[in-house]
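Numbering (our numbering), first residue to last: 54 to 343.
This report concerns only the one structure given below.
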């Protein structure tokens with residue numbers, strides 16, 4: 054693990070923070086390429102960065118507060134200003150809200166923009182999960198498999214005591230201080246997110262209606278996250294044994310189903326339905342000249 058990689062002027066930059074910056078830059082580059090393919094200005098990819106960043110941080114903090122309201126009530130300033138509390142699902146929802154708000158302000162086609170951003174979203178997620186691995190965060194349950202990795206300096210360390218505290222089954226004879234090998238769920242998600250990225254990129258020029266590619270993104274991501282949560286070392290299981298992230302994943306699947314149904318209805322009603330993205334753009338341009 055490499056929790057810290059840079060230090061200057063008394064400020065330490067964590068490997069997680071560095072990977073977040075790389076995720077943002079890589080995502081913006083992929084988004085700009087997708088915008089060009091759709092005949093839209095790639096400048097939006099640069100303009101939307103602060104909106105997504107601010108919305109993401111606000112969403113992450115709000116999500117954390119909702120889950121840990123007692124901690125927030127006891128020390129609100131510490132929760133709001135501390136480095137912790139940057140929960141991914143909250144950041145994702147907040148970033149989507151900021152993205153949508155800017156699209157509406159610029160009077161741009163929101164669903165088309167979300168489609169263009171879909172591959173970038175999962176690419177950024179994959180890079181961000183590398184950061185989680187480097188700092189030893191968000192790992193899984195104990196395992197004796199060859200894939201197991203111990204996090205002696207993790208956040209927190211993968212000790213028997215900590216794993217017991219989140220409900221993991223640890224043999225009684227193992228002392229609390231002993232560090233155990235666990236599922237590197239961060240790396241599992243890196244691999245799955247990269248696979249989803251390739252699928253979305255491949256399908257981005259196929260015959261889909263506005264919103265359907267983003268819906269597929271939500272469906273694929275929500276499914277992998279739902280399954281990964283079963284082997285995550287977490288204690289927030291509250292509804293039928295599901296974690297909060299699994300509940301949100303199910304909501305994402307519902308949103309994905311809505312977007313696909315909406316696209317299917319539009320496909321039946323639109324004369325340009327079934328055409329690739331570039332062809333639909335050209336058709337719309339020709340109609341505008343008539």
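Positions of the beta carbon are idealized from the N, C-alpha and C atoms, including for glycine.
Boundaries (first-last residue) of the alpha helix (DSSP H) holding residue i
i	result
residue 250	238–256
residue 157	141–158
residue 103	96–120
residue 213	213–218
Contact belief for residue i with residue j at Cβ below 8 Å, rounded distance in angstroms
i	j	result
residue 165	residue 263	5 Å
residue 101	residue 155	5 Å
residue 277	residue 240	13 Å between Cβ atoms; not a contact.
residue 174	residue 270	6 Å
residue 348	residue 80	The question about residue 348 has no answer here: the residues shown for the chain are numbered 54 through 343.
residue 208	residue 190	5 Å
residue 113	residue 139	5 Å
residue 202	residue 237	5 Å
Test item: CB-CB of residue i and residue j under 8 Å
i	j	result
residue 242	residue 281	yes
residue 98	residue 88	yes
residue 403	residue 171	No information on residue 403 is available, as it lies outside the stretch 54 to 343 that the chain covers here.
residue 210	residue 188	no
residue 169	residue 84	yes
residue 204	residue 183	no
residue 143	residue 116	yes
residue 185	residue 311	no
residue 132	residue 124	yes
residue 275	residue 317	no
residue 273	residue 300	no
residue 279	residue 303	yes
residue 230	residue 265	no
residue 297	residue 120	yes
Residue(s) in a DSSP beta bridge with residue i
i	result
residue 295	292
residue 195	235
residue 203	234
residue 285	193
residue 276	Per DSSP, none; premise fails for residue 276.
residue 165	None; residue 165 has no bridge partner.
residue 134	Residue 134 pairs with nothing; no bridge assigned.
Host beta strand (DSSP E) of residue i (start-end)
i	result
residue 66	64–67
heavy atom of the ligand COA below 7 Å from residue i C-beta
i	result
residue 263	The ligand COA is not among the ligands present in this structure, which contains no ligands whatsoever.
Within 8 Å, do at least three Cβ pairs link the segment 146–157 to the segment 95–111? yes
Using 8 Å as the threshold, is the segment 250–270 in touch with the segment 219–239, meaning 3 or more CB pairs across them? no
How do the segment 270–288 and the segment 186–197 stand: do at least 3 beta-carbon pairs fall below 8 Å, yes or no? yes
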